[in-house]
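Report on the following structure.
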Amino acid sequence: MSGILDIVYAEYNYWIYVTLMMIGFYAMIAKKNLIKKVIGANIFQTAIFLFYISLSDVTGGTAPILMGGHGGEHAADVIYTNPVPHVLILTAIVVAVSTTAVALALIIRIYNEYGSLDEDVIRAARRELQPEFSEHARQKSVAEVSEQ
Amino acid sequence: MSGIQESVIIRTVVRIMVPFIQLFALYVIMHGASGPGGGFQGGVIFGAAIILYAMIFGISEGKKKISDSFDRILASTGLTIYAATGLACIIFGGMFLQYSAVPLLPDTALVSKYLIDLVEIGIGITVLAVMISLFFDISPPESEAGEVEE
Amino acid sequence: MIGFDLIAPHLPVLTVVVPLIAGFLTPIIGWIDRRLPWYWVVLAMFVVLLIAGNNLVTVINSGTIQYKLGGWDPPFGIEYVIDLLNGFVCLIIAFIAFMVSIYSKESVKKEVPGKTTPFYAVFLLLITGLMGMTITGDIFNFYVFLEISSLTAYALIAMGDRGDGVVASFNYLIMGTVAASFILLGIGYLYAVTGTLNMADMQNILPGVYESKVVLAALAFFMVGFSIKVGLFPLHSWLPDAYTHAPSTASALIAGLMTKVGAYAMIRFMFGVFTPDFVINTTQMTNILAWAAALAIIVGSVLAIAQSDIKRMLAYSSISQIGYILLGVGLANMIGMEGGLLHLLNHALMKCALFLVAGAIFYKTGIRNLYQFKGLGKKMPVTTTVFLIAALSMIGVPGTVGFTSKWYLALGSVDAGQWIFVFVILLSSLLNIVYFWRIFDNIWFGHPHEIENIKRDEAPLTMLVPMVILAVLCVFFGFFAYYPVHYVIEPLSEALLGLGGVLSR
Amino acid sequence: MIWILDITLLFFLVVCAIAAISIKDLLSSIIILSAYSLIMAIVWVEMHSVDVGFTEAAVGAGITTVLFIATLARTEGRSED
Amino acid sequence: MKALALFVVVITGAMLIYAGQDLPAFGDINSPSYQAPMTQYFINNSLEESGVPNIVTALLANYRGYDTLGETAVIFTAGMAVILLLRRRET
Amino acid sequence: MVTEINSITPLLAVLVSMIAAVLILASGKYPNLREGWTFVAAFIKFGLVISMLPLILKGDVITYTVVEMLPDIPIAFKVDAFGILFAITSSFLWIFVTSYSIGYMRSLNEHAQTRYFFCFAIALSSAVGIAFSANLVTLFLFYELLTISTYPLVAHNETPEAISSGRKYLTYLMIAGVSLLFAIVVVYHYTGTTEFSFSGIAGMDAIPQTTLVILFVTFMIGCAKAAFMPLHAWLPAAMVAPTPVSALLHAVAVVKAGVFTALRVILYVFGVDLMQDSGIWLYMAYFVSITIILASIYALMQDNLKKRLAYSTVSQLSYIVLGAVLITPHGLTGGMLHIPYHAFMKITLFMCAGALIVTAQKENISEMKGIARQMPITMIAFTVGALGMIGMPPVGGYVTKWFLLLGAAELHSMILIAVLLVSAVLNAAYFFPVIYVAFFKKPDHELKYKEAPLTMLIPLVVTAIISIVIGIWPDAPGMFLDIVEIAVANVTGGGI
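Residue numbers (our numbering), protein chains in the order written: chain X, 15 to 162; chain E, 2 to 151; chain Y, 1484 to 1988; chain A, 742 to 822; chain W, 1178 to 1268; chain P, 7 to 502.
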């Protein structure tokens, strides 16, 4: 292969994760729709995971599961990929899904309150609902809840 | 979803599938020590099985299998297993989560293997409980369930 | 005391594990009886307070405590390292959390009706997260606990004002996710060049790879991430809404602690992962931080003046106060650092007291508009007196904690030759007077005829006690600042700046 | 590893990511996100991190998608951007 | 807003690319993270010390077991948070 | 050699009125008990202060470190001759003003009396605290406390006017506080200490000249309580407060705290030598001269009696500072001596003005025609005070003027001598009309007032008598002149 391809080969994962991160980040900031923001967050986070996993891979390596099962001798010539980032990312994936779940729960609540998922619409609705600050709405809500 | 829920074939398939998925999930949890998988993945799959069941037979049916309070206690239990393992290590004079301190067997590696399994089970229980609870909470109440497919 | 001897070496981990276990047992406790969780939380927080206090005393007496989780030597396992810095911050967390937990009884019952059990579970988990972030010596473990604290904070904030609380929480979630992801990325970068996750180990390896661009990028990502977390000025947009619309208990907790721990983390990463020389001289990061902080101080104060909702005003005031802490750190000289660190404690006390007062007033009257506070001085004399003391402390009146840190910060700025920062600090205390004094006027100097027929109607005792304790401490540490400064902050500043003394090991 | 496969998968990742954030129909968007997760899982398995790939397949493509769809069922399916 | 977002994203991207120049090459066996004592220790000792052949599991549940406890706590937290947010009243 | 004696008395002297404040708050529902506490505290306080006097007259100082607030920064008291001069003045006058306040507040049936007495007690603590402070930080502590505790007194009426005056008061004094803090920080930065010293803080002379001048200016802005001319506006505004407040706080405690601080800074921080070497004294002397003259002219233009007295205060305060910056022993004596002398005379005047408000509801001079016939005692006391202000023997004022003139003469400064003489003329010009109107003009219609209640009348008569006594016999043993001489000897290196 030519030299250029070597360079691309050597680094391509990094360029991809940078691209994915930028896509996700952009969606988080610029998209008005709340679900789109959460989708963006997911892409953003998985991009970082991709970075970690890229870091762990070793050319010619194999999955970090020792050959021969329990008690077996593992062959000295086998190269294992780096297990540490895998562990970190396992944890991070869990964190990501937890965040997503909370975000979705918040979205449902927001939709119940304002009937929209669009940031601008919500902002307008809030402004209309509470011209000065939220006292009014809050008192109302406390009153309603205590009625229940 | 109403269409799917009424389909006899799907209902039957799911009814048969769910136990097998659950079995597979248990396998994944227990197999985590020697192959890919572990408490987390297994828990998710187990949870997914019940979620699948609930999707097809309705959430109230699902809740009959696992009620809210049971679910919540299940979630606590899993973590308690984990933390109790850690505390047990302290009681036996080790550091927190120092499995080798537990004088269960002479072979410390084996002790840690079993305790790892125990811990994985704990993780699995919590994860499955939380996954189910997440789904039950986030999915629409029974009356509007039909809108999913639209 | 055989039992204590058994437990004593494990206190570092118990600092985190006790609230954690208490947290996930709360659903079971609440299932037994719905009134129990409050007692459970107070008990747990009290235990944590004792443990944290013991930790700090041990650190002061016999140096850094290391705790190897799972018995694995660092860097292979996770390690807890308690030095003066996080021992100090842990004690602040434990104390404020204990106070807020006592306070929460009535407030939660009213503001989060029917959901007290999960609320308290999340409350405990928040403390777990903050404690874990503070105490850990492992950079990835830090991230895990950061996420615990963030998720719990989102949930708590969303329990506040109906729609606003949820929207505020969602905005915080998006910002918080960006911050956490940046931090995660920074951790990955550092791991990529050092191959370790242990902070102390990393600090040893990093100087060899400082010329790598990766390290610089990691520092940048950390700083941006933590700046979002603490609400440093240009990245503060989530903070006012979140503080304003959270339930009173959560506001007090989050305002008192979340940003402190964020600031702690910033200090820890700058001086405990990177080396002082690198952040101060090579990259000038502290200098940038100082200027950003100075900007935050002014902008926060000015915006606070424009608010009519007391909690929102306090939120903007927090933005400004965070500036104080980071300004002190950014000055990167001994006295400035002392001021910044002292302000960690001081601001936690003052701001927590103020938010508790705002909560108590809201609990009793349902009012948050500070122009409607007329006559409150007669209605709720104790509450408003606490407010007076805490607010005077924010202004920096001598004899209160606010003065001591202001003194150090001003002196540190002069020492650094940055006269403009002195003016910033002094100007900000004038601005503080402006926005607090109009509240005083409303509370005590309403028109006589309006306040004739007001009956005394104080907040319940569980609310008053923590507020009064905090106010008393505001004054106590105003006069006895010598003790924290002498035992903790002076040696700590020396160690952080690499001027002698040891931070960890 | 087979780098042609790698690059193809990574290319699809980017395509899916862009599609997921730009499609106006949220359900499609979520399904594409699910596909994205699945591809990501494959990429990871292909990079010898089977555990992570497994988890991502179960979580990213599984639970996350279910939660997203459940959310959609309680809110609305269209997006303005 | 879009322009600002694009600006922020581009800045971030520039930072990432800047850092990318010095990152170890993909698959490089000599990368610092692979050659670090930690990684080598895990590959060599995990079986004897933990009794499980899957190094990832050994790490997850043993060496970094505390992280995993935290991770489980995160999950639990998410569950509690969603209950807090969406459930109407206590069951 | 000055002996330092360690004693807790200064702390007790400060604390006694704080404790009284708490008791006042607790017994708010029982007016007699509440005011009883005030009286008891006032007497105890005066007793405590006086009990320290013999030691001071021997030339010793009394020290007490309360707590080390920060490393190297203690909250500490040091009682020296100059400090006790101010402390005696304020604590002694508190007794009279308490009595006067009771009469005044009850006659007018004022609201929020508990708050009033509470704040009054705190303010007195602060004044004595300022007097006894051993270092700048302690002084700053009480300085700020004084500002805060007097705000409710100024805004007492709670009318929009009162509140806005209160705001003005606060704005000036808080900016002053910030400025003072800045100056203290700079001093600490250069010298590593803030403790007062008889010859100025060591190390001050190492500060570059420009910085030194800026520092001095900042300090003087910090002493805005002394109402130097561009920073005086708060004082006439604060006259909206009840008269006892004006009397005690704005003739004695607050403004005297300002000049006291100014003198402390000039003499005990900068020191006589540094003032002379740097040449700052001369500019400061001219600067305060302007205030003396201008404020007198302003006073001429006021019709409201309290405002006229306020401007008179502005002018008189600058005498004190002028005396201090003259640096010569005579000048210093005159300046320091003017602190108690002016206090006695001015408080007499204010109390008379208050009596007029209570009984005749008259605030403006033009309305006071012939009022002396109805209220002869009050107006005679007023005349005594006014004569003192003008500097006519036998009332006390002439003593200080004499010393000041001597000081100016020693410096051969014709300008300053002229200033003092012109200002005496101006003083006469704005006080004689009041006396004239009250005694010799015929009232427009028949007046039916009586004298003010006894609780008000006695204090003003007593202070008037004291004003005369200190004029006739200024060098009585243990009296103010004795104390001042020790203080002057201390700072000029005369040491005892």
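A virtual CB, placed ideally from N, CA and C, is assigned to each residue, including glycine.
Small disclaimer: the values here were computed from a predicted structure and weren't measured.
Taking the C-beta atoms as reference points, Val1707 (chain Y) is found no nearer than 8 Å to Ser1695 (chain Y). DSSP, read as helix, strand or coil, puts Met75 (chain P) in strand. Taking a Cβ-Cβ cut-off of 7 Å, the neighbours of Val45 (chain E) in chain A comprise Ala799, Val800, Gly803 and Ile804, given in sequence order. Interface with chain E (8 Å Cβ-Cβ cutoff): Trp1523 (chain Y) is excluded. Residues of chain W whose Cβ lies closer than 7 Å to the Cβ of Ser1695 (chain Y) are, in chain order, Asp1199.
The alpha-carbon of Leu116 (chain E) is positioned some 33 Å away from that of Ala55 (chain E). Less than 8 Å divides the Cβ of Phe1507 (chain Y) from the Cβ of Leu80 (chain E).
Excluding the 5 residues flanking it on each side, Gly1819 (chain Y) has same chain C-beta neighbours closer than 6 Å at Gly1811 and Gly1895, in chain order.
Contact holds between the region 263-277 of chain P and the region 214-231 of chain P, because three or more Cβ pairs, one in each stretch, are under 8 Å apart.
With distances taken between CA atoms, Leu1778 (chain Y) lies nearest to Y:Leu1715 out of Y:Leu1715, Y:Val1897 and Y:Ile1972. Spatial neighbours of Ile11 (chain P) in its own chain (CB-CB distance under 8 Å, excluding positions within 5 residues in sequence) are listed in chain order as Leu61, Asp66, Val67, Ile68 and Thr69. With a threshold of 16 other beta carbon atoms within 10 Å, Val327 (chain P) meets it and is buried. Counting along the chain, Tyr1563 (chain Y) sits inside the beta strand (DSSP E) bounded by residues Glu1562 to Ile1565. Gly43 (chain E) carries a helical assignment under DSSP once its states are collapsed to helix, strand and coil. Non-local C-beta neighbours of Leu1224 (chain W) in its own chain, meaning closer than 7 Å and more than five positions away in sequence, comprise Pro1230, ordered along the chain. For Ser1227 (chain W), there are no C-beta contacts with chain Y under 7 Å, since the nearest C-beta of that chain is about 10 Å from it. For Val793 (chain A), the chain X residues whose Cβ falls inside 8 Å of its Cβ are Phe63, Ile67, His100, Ile103, Leu104 and Ile107, in order along the chain. Not one beta carbon of chain W lies nearer than 8 Å to the beta carbon of Phe1919 (chain Y). With at least 16 other beta carbons inside 10 angstroms of its own, Trp1920 (chain Y) counts as buried. Three or more beta-carbon pairs drawn from the region 1763-1778 of chain Y and the region 1796-1812 of chain Y are found closer than 8 Å, and the two stretches are therefore classed as touching.
Its Cα nearest to that of Ser8 (chain E), the residue E:Phe58 stands out among E:Phe25, E:Leu27, E:Met18 and E:Phe58. For a Cβ distance threshold of 8 Å, nothing in chain X lies close to Val807 (chain A): the least Cβ distance comes to about 10 Å. Leu1914 (chain Y) places its beta carbon 8 Å or farther from that of Thr113 (chain X). As the crow flies, the alpha-carbon of Ile122 (chain X) is around 9 Å from that of Gly129 (chain X). Among the residues of chain Y, those whose CB is under 7 Å from the CB of Ser112 (chain X) are Leu1634, following chain order. Of all C-beta pairs linking the region 1816-1832 of chain Y to the region 1729-1736 of chain Y, fewer than three are shorter than 8 Å, placing the two stretches out of contact. Between the alpha carbons of Ile60 (chain E) and Gln42 (chain E) lies a gap of roughly 23 Å.
Short of 6 Å from the beta carbon of Val1782 (chain Y), and not among the five residues preceding or following it, lie these beta carbons of its own chain, in chain order: Phe1716. The beta carbons of Val1697 (chain Y) and Asp1205 (chain W) sit no closer together than 8 Å. Boundaries of the beta strand (DSSP E) around Ile1548 (chain Y): Ile1548 to Lys1551.
The beta-carbon of Gly1204 (chain W) is placed less than 8 Å from the nearest beta-carbon of chain X.
For Phe1628 (chain Y), the closest Cβ of chain E is not nearer than 8 Å. The contact set of Phe58 (chain E) on chain A, defined by CB atoms closer than 7 Å, is empty, because the minimum CB distance reaches about 15 Å. Close to Leu1262 (chain W), with beta-carbon spacing below 7 Å, are these residues of chain Y in chain order: Ala1638 and Ala1641.
Just so you know, the alpha carbons of Ala119 (chain X) and Trp1927 (chain Y) end up roughly 44 Å apart. Per DSSP, the unbroken alpha helix (DSSP H) holding Glu127 (chain X) starts and ends at Pro97 to Tyr128.
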